[in-house]
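Notes follow the structure.
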Amino acid sequence: MHHSFSDQFANLDSSLSRLSVKFKIVFCSVFAILIVLTPIRIKFAFLLYSILVIWSMFISRIPWLFFFKRLLTILPFVALVAVSVPFIQDDGWIIFFSCLIKAILIILSFILLVQTTRFNRLLNELRNLKVPGLIIMLLSFMYRYLFVVEDEILRRKRALDLRSAGRRDFRTIKSTANMLGSLFIHTYERAERIYLAMCARGYKSNG
Amino acid sequence: MKQRVIRIEDLSYAYPDGNKVLEGINLDVFQGETLGVIGPNGAGKTTLLLHFNGLLNGNGIMSVMVSGLKINKQNLREVRKKVGFVFQDPQDQLFMPTVYEDVSFGPTNLGWDKDKVRQYTQQALEEVTLSDKADHLSHHLSLGEKKRVSIATVLSMKPEILILDEPSANLDPAARRHLIDLLKTLSITKVIAGHDLELILELCDRVVVLDKGRIAADGDTRDILNNPLLMQQHSLETPLSLKLSSRK
Numbered sequence: 004m005h006h007s008f009s010d011q012f013a014n015l016d017s018s019l020s021r022l023s024v025k026f027k028i029v030f031c032s033v034f035a036i037l038i039v040l041t042p043i044r045i046k047f048a049f050l051l052y053s054i055l056v057i058w059s060m061f062i063s064r065i066p067w068l069f070f071f072k073r074l075l076t077i078l079p080f081v082a083l084v085a086v087s088v089p090f091i092q093d094d095g096w097i098i099f100f101s102c103l104i105k106a107i108l109i110i111l112s113f114i115l116l117v118q119t120t121r122f123n124r125l126l127n128e129l130r131n132l133k134v135p136g137l138i139i140m141l142l143s144f145m146y147r148y149l150f151v152v153e154d155e156i157l158r159r160k161r162a163l164d165l166r167s168a169g170r171r172d173f174r175t176i177k178s179t180a181n182m183l184g185s186l187f188i189h190t191y192e193r194a195e196r197i198y199l200a201m202c203a204r205g206y207k208s209n210g
Numbered sequence: 002m003k004q005r006v007i008r009i010e011d012l013s014y015a016y017p018d019g020n021k022v023l024e025g026i027n028l029d030v031f032q033g034e035t036l037g038v039i040g041p042n043g044a045g046k047t048t049l050l051l052h053f054n055g056l057l058n059g060n061g062i063m064s065v066m067v068s069g070l071k072i073n074k075q076n077l078r079e080v081r082k083k084v085g086f087v088f089q090d091p092q093d094q095l096f097m098p099t100v101y102e103d104v105s106f107g108p109t110n111l112g113w114d115k116d117k118v119r120q121y122t123q124q125a126l127e128e129v130t131l132s133d134k135a136d137h138l139s140h141h142l143s144l145g146e147k148k149r150v151s152i153a154t155v156l157s158m159k160p161e162i163l164i165l166d167e168p169s170a171n172l173d174p175a176a177r178r179h180l181i182d183l184l185k186t187l188s189i190t191k192v193i194a195g196h197d198l199e200l201i202l203e204l205c206d207r208v209v210v211l212d213k214g215r216i217a218a219d220g221d222t223r224d225i226l227n228n229p230l231l232m233q234q235h236s237l238e239t240p241l242s243l244k245l246s247s248r249k
């Protein structure tokens, strides 16, 4: 089956993908903190940040539309959190837009990080940077099984569509809910089997 | 007489809800042999296999012995090194991002040093003829390749016994043939469970028939598979190749 991989552009050759992974991780983290700490009134700094991000996007050779789509999926969450501020404070709109701009810059830089690095190299480097093993394991499982779950959803949705014969009303909502429930149980059972498979190969949870 | 590597004595297992899956199983596995475990759906094949390396514990008495070791908490690690388990679904067996990381997962857990881990990982990948895929992501592989990587993940731990649950499930004929030929080249003791009776006939010296949690028959593969009455009683069927050859 075809997947949209979360690091689908990681194999593109660009000057960004050739940079050391460690440098990219450290730079992105420092950059994010810097953006958060810079007050919005220093417009010059934000102009500089934007130029840096846009220039990186340009040399990464990743299609512009892709960045746009990814932003659109994440931004609503940011907006949802920040949207109440204008109604509470007098200069609320400034805070709202500063949140939004900061979020866009940080999200873009992390999209660049993930899209110019193969995920397993990213994990290896995080391990070298002494990120706790449990978190790395969680990330690695997420990367490995996202597609499996996506496949399962796709298959179920297809079966549901087939038998609901094009109807879209209350009853299909109900069966979608059932579908999600059974998906949850299936995922839970798979997790059990994976744990068994890990144990079978000498895994000990505390070491 | 051949050396006994697994001994199962009076093993019973019931699910927490009281549903009995295995009842009074007595089974010996001998060194170097390939044992088939066949039986209808829900007969308890997988449950039985999960006992071979202590992934499940029979209720009450510990009644499984591997290479003279009684399975208990102290030697669980030792037993799991000796007995390699290949799950039916490669999606469950391959949980690391890349092939190499998956194959080296077991050796790393055994606490071997880096050079030894690398050497055994490469060796295992060579054995399944997939050395060139070491850096690939598991979900990019074909099912046949995933299955062979699954076997490599276990071979890298240098097991004495290999347990395979439904090895040929969902494989296309070419991938299935490749798998059978691969299994033939491995000289270690193997236990294979499944419904692919042609595969069992080709690979196994001995077969046990499991039905409703009990061993219904135990003997030479050809003798058992060639017994139409026995086969029918346990929702099985004599393989076509045997039927055709006996007709001549």
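Quick mapping for you: the protein sequence lines, in order, are chains F and S.
The first sequence begins at 4 in this note's numbering and counts up one residue at a time.
The second sequence begins at 2 in this note's numbering and counts up one residue at a time.
Think of the CB as a built atom: it goes at the ideal place given N, C-alpha and C, for glycine as much as any other residue.
Here the structure is a predicted model, which means the values were calculated and not measured.
Is residue i close to the ligand HEM? I mean its beta-carbon at under 7 Å from any heavy atom of the ligand.
| i | result |
| --- | --- |
| residue 62/F | Inclusion of the ligand HEM in the displayed structure is not the case, the ligand content being empty and no account of it being possible. |
Could you please give the first and the last residue of the uninterrupted beta strand (DSSP E) stretch that includes residue i?
| i | result |
| --- | --- |
| residue 165/S | 162-166 |
| residue 85/S | 84-87 |
| residue 66/S | 65-67 |
Do residue j and residue i have their beta-carbon atoms positioned less than 8 Å apart in this structure?
| i | j | result |
| --- | --- | --- |
| residue 1/S | residue 222/S | Because residue 1/S is not part of the residues shown, which for chain S are 2 to 249, the question remains open. |
| residue 30/S | residue 48/S | no |
| residue 148/S | residue 172/S | yes |
| residue 81/F | residue 99/F | no |
| residue 250/S | residue 160/S | The shown model of chain S, from 2 to 249, leaves out residue 250/S, and the question about it has no answer. |
| residue 150/S | residue 122/S | no |
| residue 24/F | residue 125/F | yes |
| residue 107/S | residue 136/F | no |
| residue 97/F | residue 43/F | yes |
| residue 167/F | residue 185/F | no |
| residue 28/S | residue 216/S | yes |
| residue 192/S | residue 36/S | yes |
So which residues on chain F does residue i lean against when the C-beta distance must stay under 7 Å?
| i | result |
| --- | --- |
| residue 82/S | 205 |
| residue 111/S | 205 |
| residue 154/S | 204 |
| residue 49/S | The premise fails here: residue 49/S is roughly 14 Å from chain F at the closest Cβ pair, so nothing lies under 7 Å. |
| residue 56/S | 199, 202, 203 |
With distances taken Cα to Cα, identify the nearest neighbour of residue i among the options.
| i | options | result |
| --- | --- | --- |
| residue 185/S | 204/S, 171/S, 172/S | 204/S |
| residue 52/F | 81/F, 19/F, 97/F, 106/F | 106/F |
| residue 143/S | 127/S, 113/S, 110/S, 177/S | 177/S |
| residue 89/S | 229/S, 195/S, 180/S, 224/S | 195/S |
| residue 1/S | 78/S, 187/S, 201/S | Residue 1/S is absent from the structure shown; chain S starts at 2 and stops at 249. |
| residue 151/F | 193/F, 103/F, 59/F, 30/F | 193/F |
| residue 124/S | 168/S, 157/S, 133/S | 157/S |
| residue 114/F | 78/F, 138/F, 102/F, 48/F | 78/F |
| residue 91/S | 202/F, 196/F, 207/F | 196/F |
Which residues of chain F have a Cβ atom closer than 8 Å to the Cβ of residue i, listed in chain order?
| i | result |
| --- | --- |
| residue 140/S | 6, 147, 150, 151 |
| residue 98/S | 122, 123, 126, 143, 146, 147 |
| residue 24/S | Going along chain F, no residue has its Cβ under 8 Å from residue 24/S, so there is no contact; the nearest lies around 22 Å. |
| residue 102/S | 123 |
Just to confirm the assignment, what range does the alpha helix (DSSP H) spanning residue i have?
| i | result |
| --- | --- |
| residue 140/F | 136-167 |
| residue 100/S | 100-110 |
| residue 60/F | 46-62 |
What residues from chain S crowd round residue i, counting only those whose CB sits closer than 8 Å?
| i | result |
| --- | --- |
| residue 13/F | By Cβ distance, chain S contributes nothing, its closest Cβ being about 10 Å from residue 13/F, past 8 Å. |
| residue 193/F | 92, 93 |
Along chain F, which residues have their Cβ under 9 Å away from the Cβ of residue i?
| i | result |
| --- | --- |
| residue 238/S | Within 9 Å Cβ-Cβ: nothing; residue 238/S doesn't reach chain F, min ~29 Å. |
Mind listing the chain S neighbours of residue i? Cutoff is C-beta to C-beta under 9 Å, in chain order.
| i | result |
| --- | --- |
| residue 201/F | 96, 106, 110 |
Strictly below 7 Å CB to CB, what residues from chain S border residue i?
| i | result |
| --- | --- |
| residue 197/F | 93, 96 |
- Any chance you could list the beta strand (DSSP E) runs of at least 3 consecutive residues sitting entirely within the region 13-55 of chain S, in chain order? 21-31, 35-39
- Query: Taking only runs of the beta strand (DSSP E) that begin and end inside the region 171-238 of chain S, which ones reach a length of at least 3 residues, in chain order?
  - Reply: Within the region 171-238 of chain S, the runs of beta strand (DSSP E) at least 3 residues long that lie entirely inside it are, in chain order, 190-194, 207-212, 215-221.
- Message: Suppose only complete runs of 3+ residues qualify. What are the beta strand (DSSP E) ranges in the region 182-209 of chain F, listed by chain order?
- Response: none
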